[in-house]
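A.B. asks: According to this note's numbering, the sequence shown is numbered sequentially starting from 221.
Quick one: the structure is below, and I'll ask about it shortly.
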Amino acid sequence: MLPKLFRKTPLAWFQVTREKTRLLVAIAGIAFADILMFVQLGFKDALFDSAAVPYQTLQSDLFIVNPQFETLFSTKTFSRERLLQAAAVDGVDSISWLYIAIAQWRNPTTRTSRPILVFGTDPASQAFKLPEVNQHLSDLQQLNQVLFDQAGRPEFGDIATLLKTTSPLQTEVNDNLVRVTGVFTLGASFSADGNVITSDSTFLRIFRDRQPEDIDVGLIKLKPTADIKQVQAALKASLPNDVLVMTLPEFATREKDYWANATPIGFIFGLGTIVGFIVGVVIVYQILYSDVSDHLPEYATLKAMGYGNFYFVGILIQEALLLAVLGFFPGAILSTGLYALAQGATMLPIAMTIERATNVFILTVVMCVGSGVIAMRKLQSADPADIF
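This is the structure:
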């Protein structure tokens, strides 16, 4: 079937390239539609990727949270007693915990304040996989010491550079004087422009309304020989229903589901992709419809000679595929540049991926071929006797 679409005479190519201005307009229109889809899908993926990054850095096999937990940006606490009960379950090697809350960070240079996400952890245990954090755990045992995320937004200050020239580097978090001991790399997200890690004691000093027994995330490390599913089932059976026990994939998925379903952001990005697709359909339809209208006498002549509708469908599909390819590559190249600009401006992990490029290319082909099929209706209804 497909070989019949590609005749020895490249009629589709001649039709597409005959009018250079129309071709350039078509390429620009398709590239614009592709850019819309690339940008929307890119930011949507950046949303999910940045939301999952903090979870990947946690040094834990299982996690205990409040059943109402949805996102790290706004956690629900539970009693540390549940974590202590979990420590008695067979297969559990050690436990730790995290306090999480939003504080006001004061830029040590400009003295302006900006919200930042603060993690409080027991410095006697390694709650994070980040080497930059673990090498400063002994420093965090001292009160009022913090580690700063150097991958956060620049509005927090160039802390990494200041540390090289100023020691100790002091600033304020929630109007409490703290010292920056070192930096680590985590990155901004849609929920937080930056991050700070400190000890649980310092955290409770920064957030004076928090109770020591009310923790946000319980971290459970298992023995090397323990089966994670069996221990998870045992924990669920032994602990009350006021906590959830989750694996790392389940924990990260809960965050992604929050941004995809519980906020309008995920819907907006999906709607933007649909709008880009519709814009492309309209543009390609107008180009192909105009081509059919301008060459209707020629098509009618071929129709009178005995060529059937399948032949004309093949010509239009070939034109649509050519336009899809010619329009996709400029759109992909421009989108890659826009990703670089967006990443520099927002500090979000947005970059071109093979998977996303493939998905947009498929959408482009569907968009162009669908437009060709719609435009074909005018040609199929044309009667050679009426035209001549």
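Glycine included, each C-beta is placed from N, C-alpha and C at the ideal position.
These figures come from a predicted structure and were not determined experimentally.
Expressed to the nearest angstrom, what Euclidean distance is found between the alpha-carbon atoms of PRO517 and PHE234?
C.D. replies: Looking up residue 517 in the sequence shown gives position 297. Looking up residue 234 in the sequence shown gives position 14. Roughly 16 Å separates the two Cα atoms.
A.B. asks: Round the Cβ separation of ASP342 and SER316 to the nearest angstrom and send it over; I've been treating them as touching at under 8 Å.
C.D. replies: As a position in the sequence shown, residue 342 is number 122, starting the count at 1. As a position in the sequence shown, residue 316 is number 96, starting the count at 1. With a Cβ gap of about 5 Å, ASP342 and SER316 count as contacting.
A.B. asks: Helix or strand or just coil, what does DSSP make of PRO460?
C.D. replies: By 1-based counting over the sequence shown, the position of residue 460 is 240. In the structure shown, PRO460 sits in coil (DSSP, three-state: anything other than H, G, I, E or B).
A.B. asks: Taking Cβ positions, are LYS410 and SER270 nearer each other than 8 Å?
C.D. replies: Stepping through the sequence shown from its first residue, residue 410 is reached at position 190. Stepping through the sequence shown from its first residue, residue 270 is reached at position 50. The sequence given here has Phe at residue 410, not Lys. The answer is yes: Cβ separation under 8 Å.
A.B. asks: So within the region 406-460, which uninterrupted beta strand (DSSP E) runs reach at least 3 residues, ignoring any that extend past its ends?
C.D. replies: 415-419, 437-442
A.B. asks: Starting from SER358, follow the alpha helix (DSSP H) in both directions and report where the run begins and ends.
C.D. replies: The residue labelled residue 358 in the question sits at position 138 within the sequence shown. 357-360 is the span of the alpha helix (DSSP H), which, as asked, contains SER358.
A.B. asks: One question on the structure: do VAL512 and ALA246 come within less than 8 Å of each other, judged by their Cβ atoms?
C.D. replies: Your numbering for residue 512 matches position 292 in the sequence shown. Your numbering for residue 246 matches position 26 in the sequence shown. With respect to the 8 Å criterion, VAL512 and ALA246 are not classified as neighbours on the basis of their beta carbons.
A.B. asks: Would you mind stating whether PHE532 and PHE581 have Cβ atoms separated by less than 8 Å?
C.D. replies: Translated into positions along the sequence shown, residue 532 becomes position 312. Translated into positions along the sequence shown, residue 581 becomes position 361. Against a cut-off of 8 Å, the Cβ pair of PHE581 and PHE532 comes out as no contact.
A.B. asks: Taking the beta strand (DSSP E) that PRO335 falls in, what are its first and last residues?
C.D. replies: If you number the sequence shown from 1, residue 335 lands on position 115. Looking at the DSSP string, the run of the beta strand (DSSP E) that includes PRO335 is 333-341.
A.B. asks: Should ARG597 be labelled buried (16 or more other beta-carbon atoms within 10 Å of its own) or exposed?
C.D. replies: Here the question's residue 597 lines up with position 377 in the sequence shown. With fewer than 16 Cβ atoms within 10 Å of its Cβ, ARG597 is classed as exposed.
A.B. asks: What's the gap between the Cα of ILE320 and the Cα of GLU475?
C.D. replies: Position 100 of the sequence shown holds residue 320. Position 255 of the sequence shown holds residue 475. So the two alpha carbons sit approximately 15 Å from each other.
A.B. asks: Is it right to say ILE199 is buried, meaning 16 or more other beta carbons lie within 10 angstroms of its own, or is it exposed?
C.D. replies: Residue numbering for the chain in the displayed model covers 221 to 608; residue 199 lies beyond these limits and cannot be assessed.
A.B. asks: Apart from the five residues on each side of it in sequence, which residues of its chain come closer than 6 Å, Cβ to Cβ, to ASN451?
C.D. replies: As a first step, residue 451 must be located in the sequence shown, where it is residue number 231. The sequence as given places Val at residue 451; Asn does not occur at that position. Here the set comprises GLY311, LEU442.
A.B. asks: Can you check whether the C-beta of VAL502 is within less than 8 Å of a C-beta belonging to chain B?
C.D. replies: The chain labelled as chain B is not found in the depicted structure, where only one protein chain is given.
A.B. asks: In terms of residue numbering, what span does the alpha helix (DSSP H) encompassing VAL273 cover?
C.D. replies: What you label residue 273 is simply residue 53 of the sequence shown in a count that begins at 1. VAL273 -> alpha helix (DSSP H) spans 240-276.
A.B. asks: Classify PHE608 as helix, strand or coil using the three-state DSSP reduction.
C.D. replies: Counting from 1 along the sequence shown, the entry for residue 608 is found at position 388. Unreliable positioning characterises PHE608 in this predicted model, as indicated by a pLDDT of 49, which lies under 50. The coordinate reading is nonetheless provided below. PHE608 falls in the coil class under three-state DSSP.
A.B. asks: Give me the DSSP bridge partner(s) of ALA321.
C.D. replies: One-based indexing of the sequence shown puts residue 321 at position 101. Answer by DSSP bridge pairing, in chain order: VAL338.
A.B. asks: Does the region 287-307 come within contact of the region 426-434, defined as at least 3 CB pairs closer than 8 Å?
C.D. replies: Cβ pair count under 8 Å is three or more, so yes.
A.B. asks: Starting from VAL495, follow the alpha helix (DSSP H) in both directions and report where the run begins and ends.
C.D. replies: Locating residue 495 in the sequence shown gives position 275, where the first residue counts as 1. Note, VAL495: alpha helix (DSSP H), 484-514.
A.B. asks: Within the present structure, is the beta-carbon of ALA595 separated from the nearest heavy atom of the ligand ZN by less than 7 Å?
C.D. replies: The ligand ZN is not part of the structure shown, which contains no ligands of any sort.
A.B. asks: By DSSP's criteria, MET466 is part of a beta bridge. Which residues make up the other side?
C.D. replies: For the purposes of this step, residue 466 is taken as residue 246 along the sequence shown, with counting starting at 1. Answer is PHE283.
A.B. asks: Check whether the Cβ atoms of ALA253 and GLY500 lie closer than 8 Å to each other.
C.D. replies: Translated into positions along the sequence shown, residue 253 becomes position 33. Translated into positions along the sequence shown, residue 500 becomes position 280. Yes; because the gap between Cβ atoms is below 8 Å, this pair is in contact.
A.B. asks: Could you name the residues of the same chain whose beta carbon sits closer than 8 Å to that of GLY490, not counting the 5 residues immediately before and after it, in chain order?
C.D. replies: Residue numbering aside, residue 490 sits at position 270 when the sequence shown is read from its first letter. Spatial neighbours of GLY490 in its own chain (CB-CB distance under 8 Å, excluding positions within 5 residues in sequence) are listed in chain order as GLN260, LYS264.
A.B. asks: With DSSP collapsed to three states, give me the class of PHE298.
C.D. replies: By one-based count along the sequence shown, residue 298 stands at place 78. Note: PHE298 maps to strand in three-state DSSP.
A.B. asks: Buried or exposed for PHE226, please, with buried defined as at least 16 other CB atoms from any protein chain shown within 10 angstroms of its CB.
C.D. replies: For the purposes of this step, residue 226 is taken as residue 6 along the sequence shown, with counting starting at 1. Confidence in PHE226 is poor, its pLDDT being 47 and thus under 50, which makes the residue's placement too unreliable to answer from.
A.B. asks: To the nearest angstrom, how far is it from the Cα of ILE488 to the Cα of ALA344?
C.D. replies: Here residue 488 refers to the residue found at position 268 of the sequence shown. Here residue 344 refers to the residue found at position 124 of the sequence shown. When rounded, the distance between both Cα atoms is 43 Å.
A.B. asks: Pull up the DSSP beta-bridge partners for GLN365, would you.
C.D. replies: The residue labelled residue 365 in the question sits at position 145 within the sequence shown. Looking at the DSSP assignment, GLN365 forms a beta bridge with ARG399.
A.B. asks: Return yes when the Cβ of THR405 is within less than 8 Å of the Cβ of ASP462, no when it is not.
C.D. replies: Here residue 462 refers to the residue found at position 242 of the sequence shown. Here residue 405 refers to the residue found at position 185 of the sequence shown. Not in contact: ASP462 and THR405 (Cβ atoms no closer than 8 Å).
A.B. asks: If you draw a straight line from the C-alpha of THR330 to the C-alpha of LEU243, how long is it?
C.D. replies: As a working note, residue 330 is residue 110 in the sequence shown. As a working note, residue 243 is residue 23 in the sequence shown. Using only the alpha carbons, I get a separation of about 52 Å.
A.B. asks: By how many angstroms is the C-alpha of VAL586 removed from the C-alpha of THR386?
C.D. replies: Within the sequence shown, numbered from 1, the residue matching residue 386 stands at position 166. Within the sequence shown, numbered from 1, the residue matching residue 586 stands at position 366. Approximately 58 Å between the Cα atoms of the pair.
A.B. asks: Between ALA307 and LEU459, is the Cβ-Cβ spacing less than 8 Å?
C.D. replies: Position 87 of the sequence shown, counted from the first residue, corresponds to residue 307. Position 239 of the sequence shown, counted from the first residue, corresponds to residue 459. No, they are not a contact pair.
A.B. asks: Along the chain, where does the beta strand (DSSP E) containing THR391 start, and where does it finish?
C.D. replies: Residue mapping note: residue 391 aligns to position 171 of the sequence shown, counting from 1. Taken as a continuous stretch (DSSP letters only), the beta strand (DSSP E) holding THR391 covers 389-393.
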